[in-house]
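Remarks on the structure that follows.
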Amino acid sequence: FVKLAEAYGATGMRIENTGDVKPVLEAALAVCGPVVVDCRISEDENVLPIIPPGLTVDQIVTDM
């Protein structure tokens, strides 16, 4: 997503671990213009709430 953002003239940034969150978000907020922040999350993490593929917002999953 970083390269896609840059291709459209936006700033692209990536968060790859929890130590990156604060500095990347601070840097993103300091940019004058559009920013895309790509947050890399392991497939093993439970990120809730989530809307499973093919479902609608009223079919949101809040616990696993």
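Last residue of the sequence shown: 244 in the working numbering, with the numbers rising by one and none dropped. The C-beta atom is built at its ideal place from N, Cα and C for all residues, glycine as well.
Here the alpha carbons of V241 and G234 stand approximately 13 Å from one another. Around L205, the same chain offers no residue with a beta carbon nearer than 6 Å, after the five sequence neighbours per side are excluded. In this structure the segment 206-223 touches the segment 187-198; the number of beta carbon pairs closer than 8 Å is three or more. Going by C-alpha positions, A207 is about 25 Å away from E225. The three-state secondary structure of G189, taken from DSSP, is coil.
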